[in-house]
Amino acid sequence: MDLRSLPPDLSSEQRVTARRRLIEQELGIDLSLLEADEQHIGQADEKNCEQMFGIVSVPVGYAGPLAVQFSSGEESSLHLPLATTEGALVASVNRGCKALTQSGGVRTSSIHHGTNRSIAFRSVDPRSAIRLITRHKDEWTKIGEATSSHLKILTFDLDEEEEFVFLTIFCDTGEAMGMNMVTIAAQAIGEWIGNDMKIAEFITVAGNVDSDKKPSLRTIQRGRGYEVTAEATLAHAVMQESLKSSAETMIAVANAKLIAGSDVAGMLGRNLHVANIIAALYLATGQDVAHTVEGSMATTGVELTDEGLKVYVRLPALLVGIRGGGTALPTQQQCLHLLLKSPTSLSPTQQLAESIGAAVLAGEISLLAAQASHTLAKAHKEHGR
C-alpha cells in the first residue's frame, strides 16, 4: 500500500480519511470507527504520526480536587484528567484525593536534573579521552547550545567501560520536555569531539547511560528530568471514614508489599501502582507515554506519627513539558489547561511535575488502603473486571 502519494491539496482530515480507505480496501476490513475530524486531528498528521489513518479514543476521567502545597509555598487545588481504560483507577485516585485533602493536602518538592543524553565514544586510551573531553568542556558546550536558543547544558557526567567513553549531558530545555532538542545537541557535540577534535571515535548519540525509556539503577539514584517528592500525613479519622482502613493495617501491607515483596522480586521501584497514574496523566496531557518507564521507578513509604500516618513517594524521573510533541494536540492542550488551571510562580513544567507527584500519592494511598481493607478485588469486580 502506498499511503504517502496523496494529492498535495488535501486537508489533514482528507489525508487521514484517504489512507484509512486505502487500508480498508486492501485488507477488506472496517476501520470506520477510527474516523477523525479536523478539530481533533490538529497538527498530528504533520508532526506527530506518520501515515496517520485515524484516531483511537481513550476515556478521560476526572479526579479531584486535590489540595496541594507546591515547593514555592503556594497552595492550589488540582483537577486531574486521567486517560485510562482500567476500571476503578479513576475512582481510586479520586478517593485518594478526598482523603489527602481532608488531611490537609499534599506537600511537594522537586529537583530539576534536566533532560539528558549519553554520547558514546571509542578510544584506545579512554582515560586520556576523558581528560581531554573535560578540558574542552567550554568548547563542546558552546557547540551543543548553539543548536537551539532554548537549550542550556547544566552539567555532565563521564563514564568509562572497556574501550568506550560515555559523555552524558544534562540540559535545561525550557518549557519543552526536550528529548529531541537534547539529541540534536548531543549529535553536534559528538561530531565535534570525534571529527574535529579527534579525541575519540564517535560511535552513537544515544549510548544508554542516559537510560532513556528504560529502567536503571542510575536513574533511581541520580534522577532524570524532574525528581519529585510528595508527602502528607493522613489523619486517623480520615483513614477510618474515607479509606475504610487504619494506620496499623496499612503499615502491615506496606511492610509486606513495599519492603519484603519488593526485595524478593528485586524491584527497581518499591511502590504500589505509580505507573498507572503517570501513564494516565501523560496520555491525557500529551507527554511521551514511554517515559512512564522511568517515572514508575518510584519509592513509596509510610511512617506512623502522633498525628497519623505519614505517607510519601519519591519519583526519580518525570520527563514532562508543556510545549512540543503531543502537548500541541487539541484535546491534550485542554487537559493541560485543566491540570495547570491555577498558575504559580514555578515554571509551568515544574508545576506540572509536582502536580503529577501529588496525584501519584493520591493513587498510592488509595490502593494501599484497598489492600489493607481487602476490598481491591471487590472494587475491580464492581468497576471494571
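Using this note's numbering, the letters of the sequence shown correspond one by one to residues 28 to 412.
Even glycine gets a Cβ: it sits at the ideal position worked out from N, Cα and C.
From this set, 110, 92, 113 and 255, which residue's C-alpha is nearest residue 103's C-alpha?
Locating residue 103 in the sequence shown gives position 76, counting from the first residue. When only C-alpha atoms are compared, the closest one is 92.
Exposed or buried, residue 243, counting other C-beta atoms within 10 Å across all chains shown (16 or more means buried)?
Along the sequence shown, one-based indexing puts residue 243 at 216. It is buried - the Cβ of residue 243 has at least 16 other Cβ atoms within 10 Å.
Report the CB separation of residue 230 from residue 311 in whole angstroms; it is logged as a contact under 8 Å.
Looking up residue 230 in the sequence shown gives position 203. Looking up residue 311 in the sequence shown gives position 284. With 8 Å as the limit, residue 230 and residue 311 do not qualify as a contact, their Cβ atoms being about 38 Å apart.
For residue 121, is the classification buried or exposed, using 16 other Cβ atoms within 10 angstroms of its Cβ as the cut-off for buried?
Taking the first residue of the sequence shown as 1, we reach residue 121 at position 94. Counting the other Cβ atoms within 10 Å of the Cβ of residue 121 gives 16 or more, which makes it buried.
Taking the continuous alpha helix (DSSP H) assigned at residue 46, which residues delimit it?
By 1-based counting over the sequence shown, the position of residue 46 is 19. It spans 39 to 54 - the alpha helix (DSSP H) in which residue 46 sits, taken as one unbroken run.
Backbone CA spacing between residue 191 and residue 149 [nearest angstrom]:
Numbered from its first residue, the sequence shown carries residue 191 at position 164. Numbered from its first residue, the sequence shown carries residue 149 at position 122. Using only the alpha carbons, I get a separation of about 4 Å.
Use the C-beta contact count for residue 7: other C-beta atoms within 10 angstroms, 16 or more gives buried, fewer gives exposed.
The structure shown has nothing for residue 7, since the chain only spans 28 to 412.
Exposed unless 16 or more other CB atoms sit within 10 angstroms - verdict on residue 250
If you number the sequence shown from 1, residue 250 lands on position 223. Residue burial is scored here from C-beta neighbours: residue 250 has at least 16 other C-beta atoms within 10 angstroms and is therefore classed as buried.
Can you say whether residue 79 is buried or exposed, counting buried as having 16 or more other CB atoms within 10 angstroms of its CB?
Against the sequence shown, residue 79 aligns to sequence position 52. Answer is buried; the Cβ neighbour count reaches 16.
When burial is assigned at 16 or more other CB atoms within 10 Å of the CB, is residue 322 buried or exposed?
Along the sequence shown, one-based indexing puts residue 322 at 295. With 16 or more other Cβ atoms within 10 Å, it is buried.
Using a threshold of 8 Å, state whether the C-beta atoms of residue 320 and residue 137 are closer than that.
Looking up residue 320 in the sequence shown gives position 293. Looking up residue 137 in the sequence shown gives position 110. No, the Cβ-Cβ distance between residue 320 and residue 137 is not below 8 Å.
Between residue 158 and residue 284, what straight-line distance do the alpha-carbon atoms span, to the nearest angstrom?
For the purposes of this step, residue 158 is identified with residue 131 of the sequence shown, where counting begins at 1. For the purposes of this step, residue 284 is identified with residue 257 of the sequence shown, where counting begins at 1. Rounded to the nearest angstrom, the two C-alpha atoms are 46 Å apart.
First and last residue of the uninterrupted alpha helix (DSSP H) at residue 121
Looking up residue 121 in the sequence shown gives position 94. Unbroken alpha helix (DSSP H) run through residue 121: 116 to 129.
Kindly give me the distance between the Cβ atoms of residue 133 and residue 307, rounded to whole angstroms, as I take these residues to be in contact under 8 Å.
By 1-based counting over the sequence shown, the position of residue 133 is 106. By 1-based counting over the sequence shown, the position of residue 307 is 280. Incorrect: roughly 17 Å between the Cβ atoms, too far for contact.
Just to confirm the assignment: which complete alpha helix (DSSP H) runs, minimum length 4, are found wholly within the stretch 138 to 223?
Counting whole runs of 4 or more residues, the stretch 138 to 223 contains the alpha helix (DSSP H) stretches 153 to 162, 164 to 172 and 206 to 218.
Look up residue 31 in the DSSP assignment and say whether it is helix, strand or coil.
The count along the sequence shown starts at 1 and reaches residue 31 at position 4. DSSP places residue 31 in coil when its eight states are reduced to three.
As a quick exercise: from 332, 145, 292 and 199, pick the residue whose alpha carbon is nearest that of residue 377.
For this step, residue 377 is matched to residue 350 along the sequence shown. Checking every option, the nearest Cα to that of residue 377 belongs to 199.
Does DSSP classify residue 69 as helix, strand or coil?
In the sequence shown, residue 69 corresponds to position 42, counting from 1. Here residue 69 sits in coil by DSSP.
Just to confirm, are residue 390 and residue 303 a CB contact at a threshold of 8 Å?
In the sequence shown, residue 390 corresponds to position 363, counting from 1. In the sequence shown, residue 303 corresponds to position 276, counting from 1. In this structure, residue 390 sits near residue 303, with a CB-CB distance shorter than 8 Å.
Please list the segments of the beta strand (DSSP E) lying wholly inside the stretch 334 to 367, counting only runs of 3 or more residues, in order along the chain.
Whole beta strand (DSSP E) segments, 3+ residues: 335 to 345.
Only counting the same chain, and skipping five residues up and downstream in sequence, which positions put a Cβ closer than 6 Å to that of residue 175?
Locating residue 175 in the sequence shown gives position 148, where the first residue counts as 1. Excluding residues within five positions, the ones whose Cβ falls inside 6 Å are 208.
Can you look up residue 82 in the DSSP assignment and give me helix, strand or coil?
By 1-based counting over the sequence shown, the position of residue 82 is 55. In this structure, residue 82 counts as coil in the three-state DSSP scheme.
Measure the alpha-carbon distance for residue 252 versus residue 240 and round it to whole angstroms.
Sequence index remark: in the sequence shown, residue 252 carries index 225 (1-based). Sequence index remark: in the sequence shown, residue 240 carries index 213 (1-based). Using only the alpha carbons, I get a separation of about 12 Å.
Is the beta carbon of residue 50 sitting closer than 8 Å to the one on residue 202?
Position 23 of the sequence shown, counted from the first residue, corresponds to residue 50. Position 175 of the sequence shown, counted from the first residue, corresponds to residue 202. Taking 8 Å as the Cβ cut-off, residue 50 and residue 202 do not qualify as a contacting pair.
Cβ pair count under 8 Å reaching 3, the stretch 101 to 115 against the stretch 67 to 84
no
Name, in chain order, the residues that DSSP records as bridge partners for residue 328.
As a working mapping, residue 328 is identified with position 301 in the sequence shown. Residue 328 pairs with 339.
Report yes or no: do the stretch 392 to 401 and the stretch 115 to 131 share at least 3 C-beta pairs separated by less than 8 Å?
yes
Distance check for residue 135 and residue 173, CA to CA, integer angstroms please.
Numbered from 1 along the sequence shown, position 146 holds the residue referred to as residue 173. Numbered from 1 along the sequence shown, position 108 holds the residue referred to as residue 135. If I take the Cα positions, the gap works out to 34 Å.
Quick check on residue 165: buried or exposed, where buried means 16 or more other Cβ atoms within 10 Å of its Cβ?
Against the sequence shown, residue 165 aligns to sequence position 138. When all chains shown are included, residue 165 counts as exposed.
Who does residue 108 pair with in a DSSP beta bridge?
Here residue 108 is taken as the residue at index 81 of the sequence shown, counted from 1. DSSP output for residue 108 lists 89 as bridge partner(s).
Mapping the DSSP letters down to three states, classify residue 279 as helix, strand or coil.
Within the sequence shown, residue 279 is the residue found at index 252, counting from 1. Looking at residue 279 - three-state DSSP - the assignment turns out to be helix.
Who are the Cβ neighbours of residue 362 in its own chain at under 8 Å, not counting the five residues just before and after it?
What you label residue 362 is simply residue 335 of the sequence shown in a count that begins at 1. Counting only residues of its own chain and dropping the five nearest sequence neighbours on each side, residue 362 has a CB closer than 8 Å to the CB of 87, 108, 110, 311, 312 and 313.
Rounded Cβ spacing between residue 238 and residue 194 (contact assumed at less than 8 Å)
For this step, residue 238 is matched to residue 211 along the sequence shown. For this step, residue 194 is matched to residue 167 along the sequence shown. Actually they are not in contact, since the Cβ atoms of residue 238 and residue 194 sit about 15 Å apart, beyond 8 Å.
With a threshold of 16 other CB atoms inside 10 Å of the CB of residue 279, please say whether the residue is buried or exposed.
As a working note, residue 279 is residue 252 in the sequence shown. The residue is exposed, with fewer than 16 neighbouring Cβ atoms inside 10 Å.
Out of 139, 70, 189 and 180, which one is the CA nearest neighbour of residue 156?
On the sequence shown, position 129 is the one that residue 156 refers to. Among 139, 70, 189 and 180, the Cα nearest to that of residue 156 is on 189.
Close Cβ partners of residue 214 (< 6 Å) along its chain, the five nearest in sequence each way excluded
Along the sequence shown, one-based indexing puts residue 214 at 187. Closer than 6 Å at Cβ, skipping near neighbours: 232.
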